[in-house]
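Structure record follows, encoded as structure tokens.
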Amino acid sequence: MNPKKTTNEVYLGLEQGPIRPPNEARSLLVRVTRNCPWNRCTFCPVYKQEKFSVRPAEHVIRDIDLIHQNVERVRELVDESGRVTRSAIERVSGTIEPNEWEAFSAAVDWVISGDMRSVFLQDADSLVMKPAELVDVLTHLKTRFPTIRRITSYARAKTIARRKERDLRAVHEAGLDRIHVGLESGSDQVLAVVDKGSTKAIHLEAGLKVKRVGMELSEYVMPGLGGRDLSTVHAVETADALNQIGPDFIRIRTLAIPPRAPLYERWQSGDFEKCSDVMVAEELRLFIEKLDGITSVVKSDHILNLFMEVEGKLPDDKERMLNVLKTFLAMDPTEQRSYQVGRRLGVFHRLGDLKNDRKAEIVERTCRELGVTSENVDQITDQLMMRFV
Ligand code: SF4
Numbered sequence: 002m003n004p005k006k007t008t009n010e011v012y013l014g015l016e017q018g019p020i021r022p023p024n025e026a027r028s029l030l031v032r033v034t035r036n037c038p039w040n041r042c043t044f045c046p047v048y049k050q051e052k053f054s055v056r057p058a059e060h061v062i063r064d065i066d067l068i069h070q071n072v073e074r075v076r077e078l079v080d081e082s083g084r085v086t087r088s089a090i091e092r093v094s095g096t097i098e099p100n101e102w103e104a105f106s107a108a109v110d111w112v113i114s115g116d117m118r119s120v121f122l123q124d125a126d127s128l129v130m131k132p133a134e135l136v137d138v139l140t141h142l143k144t145r146f147p148t149i150r151r152i153t154s155y156a157r158a159k160t161i162a163r164r165k166e167r168d169l170r171a172v173h174e175a176g177l178d179r180i181h182v183g184l185e186s187g188s189d190q191v192l193a194v195v196d197k198g199s200t201k202a203i204h205l206e207a208g209l210k211v212k213r214v215g216m217e218l219s220e221y222v223m224p225g226l227g228g229r230d231l232s233t234v235h236a237v238e239t240a241d242a243l244n245q246i247g248p249d250f251i252r253i254r255t256l257a258i259p260p261r262a263p264l265y266e267r268w269q270s271g272d273f274e275k276c277s278d279v280m281v282a283e284e285l286r287l288f289i290e291k292l293d294g295i296t297s298v299v300k301s302d303h304i305l306n307l308f309m310e311v312e313g314k315l316p317d318d319k320e321r322m323l324n325v326l327k328t329f330l331a332m333d334p335t336e337q338r339s340y341q342v343g344r345r346l347g348v349f350h351r352l353g354d355l356k357n358d359r360k361a362e363i364v365e366r367t368c369r370e371l372g373v374t375s376e377n378v379d380q381i382t383d384q385l386m387m388r389f390v
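Under the numbering used here, residue 390 is the last one in the sequence shown; the count climbs by one each step, no gaps.
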């Protein structure tokens, strides 16, 4: 799909997109494009019914001004403890126009969630915006809010690969500090099967270019994406791609398949064989084992991940991360089942929680109520995971 710029658009007030990375929860969200220009990845349900467009830069700049105006308003409401109380908001609510509530609430969130230091540009591929326009947006953001220390965004590898290095550098110099790329897999086979619209070579070109211009790079990987057939090649090739790129961050986000994703039908028809949690743990073990010669930080901050403990800085924390996976893989099936259910209920956060009697009792009770066994545990945890996708 070719990116299309919407013309003659009327400004209708602040726009916010549907998603952001988990670690951008405290960031101000600024929408520069709408939806995804590719929209074909079979595992991704997010923008499937939506059409892509680039927002006019002047509209984004008006959003920024609107937020600035509301941030000033909110700052006057902050009490001595640094909070904005409900009664303070109610006091000014009569002065807020109906079409300004979104900007006011974005300003409240940004002011009370921290120190107005981080911004995330939405939606799926901000670098589609012309570099000169993106530079204008970034410059305006930094001028309006001198408190900003970090601006990040999602971008597709193919878009980055197409951008001239000097344009990317200009965007970085104007303020874009970090790019999040959905690598998902380094295996060309897996990338083709899920219609990622990218190849390992494109990912390498894009990742290395981002690094060369001095931007931070965060690469998302998706354990389980190759299914049972491609699990091994997925782990090995993904690690190899990352070893060549050396990103600042490797972020793990395990595959979950909601009914809205095209892959769901293939899964239900038996055409795609989804890995069990134990298989994903084995795949993850192989993946971590193959990471070599890089100093990336591995993050596991997504709610869909079974192992939040598989986090740390390479190479120092590699053995510790591997030990978490080896410990799980060495457990008997009943213990593995308890951990899977406990984690997906949000009761367990680490393997050591299995030894917490109070938590373990809650999990066992739920297993009895739901009739969870070692045989049906993946089926049940798949349903539990649907709450998060
Ligand atoms: S590029 Fe990203 S947002 Fe677009 S379809 Fe693929 S995973 Fe979804």
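By construction, the Cβ of each residue, glycine as well, lies at the ideal position given by its N, Cα and C atoms.
| Check | Outcome |
| --- | --- |
| Going along the chain, which residues of its own chain have a beta-carbon closer than 6 Å to the beta-carbon of Val79, five neighbours each way excluded? | Val85 |
| Taking the alpha-carbon of Lys165 as reference, which of Gly115, Ala207 and Val182 has the nearest alpha-carbon? | Ala207 |
| Report yes if the CB atom of Ser186 is closer than 8 Å to the CB atom of Ala156, and no otherwise. | no |
| Verify whether the separation of the beta carbon atoms of Thr255 and Gly225 is less than 8 Å. | yes |
| With the cut-off set at 8 Å, would you say Tyr48 and Ala125 are in Cβ contact? | yes |
| Assuming Ile180 and Val211 are in contact, meaning their beta carbons sit under 8 Å apart, how far apart are those beta carbons, in whole angstroms? | 5 Å |
| Please classify Val31 as buried or exposed, where buried requires at least 16 neighbouring CB atoms within 10 angstroms. | buried |
| Where do the N-terminal and C-terminal ends of the alpha helix (DSSP H) with Glu73 fall, by residue? | Ala58 to Arg76 |
| If you draw a straight line from the alpha carbon of Glu16 to that of Glu91, how long is it in whole angstroms? | 23 Å |
| With respect to 7 Å, is the separation between the Cβ of Trp39 and the closest non-hydrogen atom of ligand 1 below this value? | yes |
| I think Asn71 touches Lys52, with their Cβ atoms under 8 Å apart; what is that distance to the nearest whole Å? | At roughly 29 Å, the Cβ-Cβ gap does not stay under 8 Å, so Asn71 and Lys52 are not in contact. |
| Buried or exposed: Gln337, going by 16 or more other Cβ atoms within 10 Å of its Cβ? | buried |
| Are there any heavy atoms of ligand 1 lying less than 7 Å away from the beta-carbon of Tyr12, as far as the coordinates show? | no |
| Less than 6 Å between C-beta atoms, sequence neighbours within five positions excluded: which residues of the same chain meet that for Val348? | Lys360, Ile363 and Val364 |
| Here's the rule I'm using: 16 or more other beta-carbon atoms within 10 Å means buried, otherwise exposed. How should Met387 be labelled? | exposed |
| When every heavy atom of ligand 1 is checked, does at least one fall within less than 7 Å of the C-beta of Tyr48? | yes |
| How would you write the range of the alpha helix (DSSP H) that Lys300 sits in, first residue to last? | Not the alpha helix (DSSP H): Lys300 falls in the beta strand (DSSP E), residues Val298 to Lys300. |
| With Leu305 and Ala236 assumed to form a contact (beta carbons below 8 Å), what rounded beta-carbon distance in angstroms separates them? | With 8 Å as the limit, Leu305 and Ala236 do not qualify as a contact, their Cβ atoms being about 18 Å apart. |
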